[in-house]
Each structure stands twice: as C-alpha cells, then as structure tokens.
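Have a look at the structure below before the remarks.
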Amino acid sequence: MSGDGKNPRVIALVGPQSSGKTSLLESILCQTSALERRSGNGVRLFGDASSEAKARVMGTEINVASTHFMGDAYTFLDCPGSLELTQETYGALLCVDAAIVVTETESDKIIGLSPLLKFLEDRRIPRFIFVNKVDKASQSIRQLAASLNSVSQTPVVLRHIPIRKDNEITGFIDLASERAYVYNKHKPSKSVDLPSGAESDVEEARYAMLETLADYDEKLMEELLEDIHPPQEEVFQDLSQDLREGRIIPVLMGSALNENGVHRLLKALRHEAPDINNLQSRLDIAATGGPLVQIVKTYHIPHMGKVSLARVLRGEIKEGDALDGDRPSGLFRLTGEKTDKIKSGRLGDVIGLSRLEKAKTGDVLTTGAGPAPSLPALNILPPVFVTALTAQDRNDEVKLITSLAKICEEDPSISYEQVADVHQIHLKGQGDVHLGIATDRLHSKYGVNINKQQPKIPYKETIRKGTKHHSRYKKQSGGHGQFGDVVVEIEPLPLGSGFAFKQSITGGAIPRQYIPSVEAGVRDYLSAGPLGFPVVDVGVNLVDGSFHAVDSSDMAFKTAGRLAMSESLPSCNPVLLEPIMHVSIMAPTEFTGQINSLISGRRGKILGFDARKGWPGWETIEAHMPLSEMHNMIIDIRSTTYGAGTYTYTFDHLSELTGRLASQVLAQHSKAAE
Ligand SMILES: Nc1nc2c(ncn2[C@@H]2O[C@H](COP(=O)(O)OP(=O)(O)OP(=O)(O)O)[C@@H](O)[C@H]2O)c(=O)[nH]1
Ligand SMILES: [Mg+2]
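Numbering-wise (my numbering), the sequence shown opens with residue 876 and increments by one.
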C-alpha cells in the first residue's frame, strides 16, 4: 500500500467535522506529487466521492492514500470528522504510527475535542495538532493553544507562532529553528528575516516551549535555569523524543487550502513521527514471531465481496499465505475503491486482503503457528440513536436482513434488532446522519428500498386487581362438538415477575393432558391485553373446570383458556406500563446544570452524580428516563456540550403511565390497529 518507499509510516488525520482533513490530505498529495494540483473548486477524493458523502458534503468513510516524501513512504488514513462516524476513527487509530489532529482556529468549541484527545492519550498514540485555516484566522493562536491545554492532560506545545499583517496571518516563526517564513499560495513558504519587534514574542513563546520540554530533560532544565541558549540539535532531539513517548502534543499551523504550512508538517513527520518499531513496542508486540496483521477496516464492495484493510505489524505477508487458517483470495493496494494487486505486504504496509470471510475489524491474525498476540481491542461505540425500518417490498425482507448484517460488519457501531413486540426492525447507531448513511447504502449498494419510521415503544400492560372467573366454550355443530370449561383465579404479581401459571385441579375435573392447552390459551391472550399491549406481571391459577368425554379437545381447552382471560381481564383494572431506562450521561462538569434540566425536561429522575472515572473534569449523571422521551436525546446532549457529552443506557423497569400521556398512547395505538 505504501508504495516502494522506505520505512512505511501510517498517519491518521482526525479532528472535528469540516476542519479540513481531506483538504490537508489533498495538499499533502499535491506537494508530494501524488496528485495533480487541485482545480481550486474543491475536487473531492476517494470515499468522499461516494453518493452518501456527496449528498451530505462531508467525509463518510476513511480515505486511504499513499505517497512518498524525501524517500520515505507514507500512508494517510483521513477519517471523517462527524461525531456520528467516530467508529471509523477508532478503527483507523488501532495501529497508526501517529495522528494529526486537524482543528480550526476558533477556541470557543474546543471542549468538543476533549474525547478525541483523551482517546489518543489513553492509547498513547503520538499526535500532532495542525491548526488549519489560518488564512481566515481572526482569533489568537496563543488563546487557542491555551484552550487546547485546558482540555488535554498532555501538554500542548506551540511549535510556531504566526506573523500577522493587518490582522491577517501571512507567515510563521518556527520556534525550534528560530526561523521566520512567509506564506506563498500553493508554493513553498519563503524564509525571511525575523520581523523587527517580534523578538520578545518569539523569546516568550520559545521559552514556554522549552519549559515544557525541560520537564522531561534535566540537562535542558539546567540550561534554562542558567540562562544558556540550548543548541538546536538538543531541542529537536527532545521534540521528537517527547512526541514519540506521547509526552507532548506539538502544534503546527497552516492552511490546507493554500498549501501553507504543509511542507513544515511533512518535515515534522519525517523527523519526528515514529515508525513501525515504535508501534511494536507501544503495542507490546515481540519483534520475533510469525507475520502478523491487524484489520483496521472492513468493506463489502459490490462485485468484489469482502475486503479487509490491514496493517502488517510483523514480518511480511505473501500471496497465498493463510491468516489464522483463512487464505485471502488476493492482496492489493487500495486507494479509495481502486485496487492494485500486489504479491506481498511488507512490514509497516497497509494492504487490502480479499475474502477473509471470518475476519472482523480489530482482529489480529497471523500466518504463523499458534495464536496471534492479543492487542488493545477495538473500541465499539454503544448506540445512542434508533430508527425503525421496514422493506418497501415484502419480498425484500430477507435481503434487508443480509444487507444489514454486511453494513453492521463494516461499521460495528451500528446494530439492528427485530423487535417482535412492535413488529419493527430497530436500527441503532450514533445519530440520524449515521443511520441515514446506512439506509442510503441499503439502497445504493444492495438495492433494498426501505421505509423509515419513528421507533415504536414496547409498552406493556398489567392489572391492578385480581378476580375469579368461569368460562365455558361449547359448540355443537353436528358431528363432533367442542367443549372446554375452566375456572381461573387471576392475580396481579409484583413488578418484574412476568407471567406465572399454576393449576390446583382436584378430582380430575380437567384431565391432565388438557392443562397445558389451557395455559397455551391464556398465554396466547396475554400477547395483547385489554389495552392492546402484552400483559405482564400476572398470575393465573387454574382451579376448576369440567370436560366432555367426546367433545373436549386440546383446541377446545385452549379456546376456553383464552376466553377466560378475555372475559375477565378488562375488569381487573388494567394499566399501561412504559419502559424506563437506566441512563448514564457523561459530560464535562461545566454542563452538569444543563444536563440536569435536560433530564427533568424529559420526565427523567436523577439518581445521582459521580466524577467520571479516569476523566478529570467530567461527571457521570445517573438517571431513570422513560424510553419514549429518549428519541433525539443525543442531539440535545451534543448541542449542549459542543459534542463532548454522550450516554449509555440499559433497560431498568416498567412503570405505570397514567393521565394525558397514557390516553395519547392508547389513542395512537387503537388508531394504528385500525
Ligand atoms: N479558508 C480555508 N478553508 C479551508 C481550508 N481547508 C479546508 N477548508 C474548507 O473547509 C471545508 C471542509 O474541508 P474538508 O477538507 O472537507 O474538511 P474535513 O475535515 O475533511 O471534513 P469531514 O471529513 O467532513 O470531517 C471545505 O469547504 C474546504 O474548502 C483552509 O485552509 N482555509
Ligand atoms: Mg474529510
């Protein structure tokens, strides 16, 4: 994948939506001559060319592109920035050598970056920040660096400071080399003299950078204390060492659009970004052992079948090699949907493997004997948004399920469930856009047309009082008749007990073989009680009855059981039950007040607050919330917290719903039934 250059390195481009990651990749490819200069009106690349991406003007999938810079090979994994597509980023980050967090110059929404920075930190991924769009920067870059520092545990270190003219950024001063450059649109920046009057700014910013480096370098600390100007060699050495160890996050800047600052960034990658050897030690992979790959993305490509994008983490993979007993039908380089067959994948390369039917994203496979070592697992985002769908054509129902299975395999943050109670398929994922992309693919890739609906809530019902009831089912229609006769005692059971059937027939009032039929009839009725919903928390005791030697049958007793329930349950004071979820909302502490009002505004009940474990400055808010109030909740949480907050939920209990809301549910239900 990485071509024939030396020392293949894999770099992820990550960061908020629209920050310019794909533009930066295009600029990198232009500067390294892997792509003709852009037309100026935003030529889109690779995955961004898919109909789903075009329709939304956003990246929807990782773009993979390889190039060379000064003899070294690089593969870039350009990730979509939408929060709803974070799963793509998690896959891409499994085994990269470094990440570049591309961000814009505004500092007010920086808190939204904190989960990504935390993720990179937890995985100890060496990372740069590239402040993009400096061509339209009105805010202070130092202010931005301070905001970044406030949301990152790892110190953020400014490597450049801007040169401004008439409030526009026209170039930058590199604090390590102490050289000044002015930008040149689509051309290399020009080295110039340090602007007069900038000395004290440079001095201050350089000192701030060195102070951070000195935290990990005693010699440098002494030099600073003694006012000695440290040699540049030493500074570069520290910068690269600290980046590799994940101890600092260097900040570079530029404009992807104008190709400014891109050459600097490439040079920083060349000198500072670690390679596969560093990755092996970060992931604790022994240098010796059978060839090893890890799958970072799974595609289902029409006319090609399943393709796994993988990185070679040890040794070399050759055509014909079996990986954990499964032999890929081919090896290739992948650029977008374009594939070129190759004979082998070298250490550090990113390669495509076709038709590894069992392999999933995150799997580690080896051609050697014995099991592959286990590596940090793929993070899978739990669902926060649900949509319901049905096939437009009933003949497509099977195809819908097989296509959904492929979509879920491509993106493990999507799942689906056939919810029998409400006769719907619930597609679960990260948001409306995320699931919209999935349903578009159902149509564009698999030819399945679907209708989307609001997911129905699986309401239930129960009774508040018991009764004793006698029902007789009797039919005389020539020949064989039908006869079943039962007496049942019905009682409400405690919350969560479900359904319990027992019998206390004495003296053979009903022959033993018919008793299960009575139970079957009772259960059959309970699937839709007097209010129209499944009945729960009810106990039925079959206490008496009678039979007819000729006319009684299983069918007759089943009907009698059903009849006993339908005649008696309406008088047992039936009530509607709604599902209540246990919800844990995670957000930076500054938003706790707003999250509280969000919960109470949705009929939630706050159970408590706790510091989020391992997340300084964050809180976890536990609450009980009606499922019916949770649709779109993620949208509010994200807009309240600049995208930082999220939640998880599990079913907790059923709770009685009364009043106007209950009447609305019942009215809607009977309307739908009509
Ligand atoms: N002014 C200015 N605009 C830029 C720059 N870089 C990118 N843009 C614009 O920002 C918008 C988003 O750029 P993309 O490169 O698609 O951003 P992205 O980060 O890949 O977006 P997603 O993949 O959807 O997250 C486009 O309109 C670009 O033209 C820049 O340096 N300066
Ligand atoms: Mg993009």
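Backbone N, C-alpha and C define an ideal beta-carbon position, used for all residues, glycine too.
With respect to 6 Å, is the separation between the Cβ of residue 897 and the closest non-hydrogen atom of ligand 2 below this value?
-> yes
Using the DSSP secondary-structure output, state which residues sit across from residue 1185 in a beta bridge.
-> 1170, 1226
Exposed unless 16 or more other CB atoms sit within 10 angstroms - verdict on residue 1047 = buried
With 16 other CB atoms within 10 Å as the buried threshold, where does residue 1273 fall?
-> exposed
Have a look at residue 934 and residue 973 and give me their C-alpha separation to the nearest angstrom.
-> 20 Å
Classify residue 915 as helix, strand or coil using the three-state DSSP reduction.
-> Caution applies to residue 915, whose pLDDT of 43 falls short of 50 and renders its modelled position unreliable; the model cannot decide the point.
Who are the Cβ neighbours of residue 1435 in its own chain at under 8 Å, not counting the five residues just before and after it?
-> 1346, 1347, 1348, 1359, 1360, 1361, 1393, 1396, 1420
Counting Cβ pairs, one atom from each stretch, are 3 or more of them under 8 Å apart for the region 1142–1152 and the region 1109–1123?
-> yes
Outcome for residue 1386 when other beta-carbon atoms lying within 10 angstroms are tallied against a minimum of 16 | exposed
DSSP puts residue 1195 in a beta bridge; with which residues?
-> Residue 1195 pairs with nothing; no bridge assigned.
Proximal residues to residue 1462 (C-beta, below 6 Å), its chain only, five neighbours per side dropped = 1470, 1516, 1520
Please state if the CB of residue 1110 and the CB of residue 1051 are separated by a distance shorter than 7 Å.
-> yes
Cα separation between residue 1408 and residue 1400?
-> 10 Å
Taking the alpha-carbon positions, what's the residue 1238 to residue 1185 distance?
-> 9 Å
Keeping to the same chain, check which residues put their C-beta closer than 7 Å to that of residue 915; ignore five residues upstream and five downstream.
-> Residue placement at residue 915 is poorly supported in this model, since its pLDDT is 43, which falls under 50; the coordinates still yield a value, given next. Here the set comprises nothing.
Is there contact here, the region 977–986 with the region 995–1013, by at least three beta-carbon pairs under 8 Å?
-> yes
Does the Cβ of residue 934 lie closer than 6 Å to at least one heavy atom of ligand 4?
-> With respect to ligand 4, the structure offers nothing, as its ligand set consists of ligand 1 and ligand 2.
Within its chain, find whatever has a CB closer than 8 Å to the CB of residue 1099; leave out the 5 residues flanking it on each side and keep chain order.
-> 1082, 1085, 1086, 1089, 1105
Nearest candidate by alpha-carbon position, reference residue 1458, set 1256, 1000, 1508, 1448 = 1508
Considering only residues of the same chain and omitting the five flanking positions on each side of residue 1288, which have a CB-CB separation below 7 Å?
-> 962, 1255, 1256, 1304, 1305
Spatial neighbours of residue 1437 in its chain, beta-carbon cut-off 8 Å, leaving aside the 5 residues before and after | 1396, 1397, 1399, 1400
Within 7 Å, strictly: CB atoms of residue 1404 and residue 1365 | no
Can you grab the Cα-Cα spacing for the pair residue 1066 / residue 901, in whole Å?
-> 24 Å
If you scan the region 1278–1330 from start to end, which runs of the alpha helix (DSSP H) of 4 or more residues do you find wholly inside it?
-> 1307–1319
In chain order, what residues of the same chain lie with their CB nearer than 7 Å to the CB of residue 1035, ignoring the 5 residues before and after it?
-> 1047, 1048, 1049, 1050, 1127, 1128
When burial is assigned at 16 or more other CB atoms within 10 Å of the CB, is residue 1330 buried or exposed?
-> buried
Quick one: what's got a C-beta closer than 6 Å to residue 989's C-beta in the same chain, skipping five residues either side?
-> 1026, 1519
Spatial neighbours of residue 1013 in its chain, beta-carbon cut-off 8 Å, leaving aside the 5 residues before and after | 980, 1042
Buried or exposed: where does residue 1510 fall if 16 or more other Cβ atoms within 10 Å of its Cβ makes it buried?
-> exposed
Would you give the residue range spanned by the beta strand (DSSP E) that residue 1400 belongs to?
-> Run containing residue 1400: none in the beta strand (DSSP E); it sits in the alpha helix (DSSP H), 1390–1401.
Answer yes or no: do residue 1339 and residue 1448 have a C-beta to C-beta separation smaller than 7 Å?
-> yes
Could you tell me which residues DSSP pairs with residue 1417 in its beta bridges?
-> 1363, 1378
Nearest CA to the CA of residue 1135: which residue from 1416, 957, 969, 898?
-> 898
Using 6 Å as the cut-off, classify the Cβ of residue 1008 as near or not near the heavy atoms of ligand 1, replying yes or no.
-> yes
Helix, strand or coil: how does DSSP classify residue 921 here?
-> A caution first: residue 921 carries a pLDDT of 47, below 50, which makes its placement in the model too unreliable to give a value.
Per-residue burial, residue 1298 [other beta carbons within 10 Å of its own, 16 or more giving buried] | exposed
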